[in-house]
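Residue numbers (our numbering): 33 to 232.
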Ligand SMILES: [Zn+2]
């Protein structure tokens with residue numbers, strides 16, 4: 033399922049359910065976007081970074097409900113939090129890349145995953161900063177940095193400043209917002225994306 037989903041990537045905006053699925057493009061690329069012909073710091077072909085950062089996916093509530101499981105919907109679309117130590121990836125040591133469950137954008141790499149002891153998958157940096165956006169979350173009487181997918185807006189988790197070096201950051205992410213693609217499949221996907229770019 034994952035390879036097909038990955039192949040769809042942002043083409044999801046123009047595929048099944050597309051009649052009521054909308055996408056829009058922004059003329060202004062993120063500052064984090066690399067120049068054409070270069071590779072981003074994380075190794076994504078710049079064409080992939082640029083094309084994907086332009087796309088914004090919007091779906092109706094009914095579309096989200098049909099695409100996601102109940103847990104995925106509650107976490108990704110309703111700012112929910114899954115229980116620690118009782119989620120898919122907190123203790124995952126597989127080699128691969130974690131994609132957004134809402135739109136198949138690559139968000140985190142297992143190379144940047146560490147054992148935070150919190151019971152949630154934790155990363156010391158995102159795969160590509162342009163794909164992970166931040167907002168201030170003042171719910172529950174706290175002021176925290178919420179992180180979400182920059183492409184489809186799905187809630188991912190929170191960002192803290194008590195992570196390991198080299199960044200000192202801790203992206204505390206809900207497994208329900210992610211799905212892993214094994215390294216080999218990811219590299220094949222990159223080759224494909226690097227030559228054709230994701231659908232616009
Ligand atoms: Zn997304």
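The beta carbon of each residue, even a glycine, is placed where N, CA and C say it ideally should be. Being a predicted model, the structure only gives us computed values, none of them experimental.
Restricting attention to beta strand (DSSP E) runs no shorter than 3 residues, the stretch 168-227 encloses them at 176-181, 187-192, 202-205 and 210-214, ordered along the chain. For residue 155, the beta-bridge partners assigned by DSSP are 145 and 203. By the C-beta density criterion, residue 213 is buried, having at least 16 other C-beta atoms within 10 angstroms. Looking from the CA of residue 144, the closest CA among 111, 155, 185 and 186 belongs to 155.
Three or more pairs of CB atoms, one per stretch, sit closer than 8 Å, so the stretch 115-135 contacts the stretch 177-190. Check the Cα spacing between residue 186 and each of 108, 207 and 165: the tightest is with 108.
In this structure, residue 124 places its C-beta atom within 9 Å of the C-beta atom of residue 142.
Residue environment for residue 163: buried (at least 16 other C-beta atoms within 10 angstroms of its C-beta). Ranked by how close their Cα comes to the Cα of residue 205, the residues 198, 160 and 112 have 112 in first place. Taking non-hydrogen atoms of ligand 1 into account, the C-beta of residue 148 is found less than 8 Å away from none of them. Going by DSSP, residue 88 is part of the beta strand (DSSP E) stretching over 87-90. Residue 163 carries a helical assignment under DSSP once its states are collapsed to helix, strand and coil. For residue 207, the distance from the CB to the nearest heavy atom of ligand 1 is not below 8 Å. With 16 or more other Cβ atoms from the protein chains shown falling within 10 Å of its own Cβ, residue 191 counts as buried. Proximity of the beta carbon of residue 137 to ligand 1 is indicated: a heavy atom of the ligand is located closer than 8 Å.
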